[in-house]
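Below: the structure, in structure tokens.
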Amino acid sequence: MPVTGIIFDIKKFAIHDGPGIRTTVFLKGCPLSCLWCHNPESQDPRPALAQFPRNCIGCLKCIDACPQGALSKGETQIIIDRAKCTNCGICTETCYAEALVLQGREVTVEEALAEVEKDRPFYENSGGGMTLSGGEPLMQIDFAEGLFGAAKEAGLHNVLDTCGHVPWEYFERVLPYVDLVLYDVKSADPKEHRRSTGQSIGLIQSNLRRLTQTATPVHIRVPVVPGHNAQAEDIRAIAELLSGLDHKPTVELLKYHRLGEGKYESLGQVCPEVIEEPPSDELMQELCASMQNYDLRCKVGG
Ligand code: SF4
Ligand code: SF4
């Protein structure tokens, strides 16, 4: 049986997911549920039906197509009964307007690699390659290991973008093929971490410690989110944590943005927390400077 994975996107010409021009493969499934998540479609490991009513042309073909009777005609749009919907995707095959879209599809390692290989000339000219992101790519460890291994054999530069909340053994399985790890750190405060991500901080910290003892370079990414970790003392606490590691990683602060909010609605979910104001450019620079006080190489990312 070929190894397969569930992915929800393949992004070409990515320039923020590691060095050079990259292709980023987004895998479904995440052990965290961050209140500010901008990829809510990544959290459920299974494919999920998304709705974009503005695309609907009112043909009603989807209603007849649904074997569960989960769709009906509403006053202004097609109504999805999420309790009946099994996310089978049959209705999306009749919806040429793309008002109903199944987010998530199963692909083999070979199919994913073939897609990534299409842009090989761009990687060679820019020092880029392939990045696996999500969700948490290591949640699908067999697929992640297979794809990283195949890409390495093909001579590609591999980057892992991880939240870190997975068993250490999963890192051991992929590290032989990974050239750089992008590692998310959201908070150094155990209570706040649990509150805002739904998970404890322990495994993430211990994996980070072990990772920085390996030969693989680690680049920390901190999403700066007002109301969660955008105060000077929040960033100082993260800086203290990072500066105590055996090998100091490089750090990038990422400005929170609101692009994920509309996605919740398309999935029939409520955005768990609306954050009105992203952090200002000045604040981002100040927080970055405070990281540098701890002898950490820090930049504000895009
Ligand atoms: S098939 Fe698509 S375009 Fe047609 S009614 Fe259903 S949602 Fe609208
Ligand atoms: S995904 Fe399947 S069950 Fe859900 S509305 Fe479409 S056809 Fe019906």
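Position 278 of the sequence shown, counting from 1, maps to 355 under this note's numbering, and the rest follow consecutively. Ideal Cβ placement from N, Cα and C applies to all residues, glycine included. Just so it is clear, the structure is predicted and the values come from calculations on it, not from any experiment.
- The stretch 142-152 and the stretch 85-97 do not touch, with fewer than 3 CB-CB distances between them shorter than 8 Å.
- Pairing A309 with S367 gives a Cβ-Cβ distance under 8 Å.
- For S367, the three-state secondary structure derived from DSSP is helix.
- Close to ligand 1, as judged by a C-beta nearer than 6 Å to any of its heavy atoms, are the residues C133, I134, G135, C136, L137, K138, C139, I155, T171, C172, A174, A176 and L177, in chain order.
- Taken from the Cβ of A160, every heavy atom of ligand 2 lies 7 Å or farther away.
- Sixteen is the threshold: when 16 or more other Cβ atoms of the shown chains lie within 10 Å of the Cβ of H242, as they do, the residue is buried.
- Look at Q180: its beta carbon is at least 7 Å from all of the heavy atoms in ligand 2.
- For C165, the shortest C-beta to heavy atom distance toward ligand 2 is below 7 Å.
- When DSSP assignments are scanned along the stretch 210-262, the uninterrupted stretches of beta strand (DSSP E) that are 3 or more residues long and fall wholly within it turn out to be 235-239 and 257-261.
- Ranked by Cα distance from E249, the first of Y371, T293 and D86 is T293.
- Two segments are said to touch when three or more pairs of C-beta atoms, one from each, lie closer than 8 Å; by this definition the stretch 217-230 does not touch the stretch 107-121.
- If you check the CB distance, S320 and Y371 come in under 8 Å.
- Residue pairing by DSSP places D86 opposite F103 in a beta bridge.
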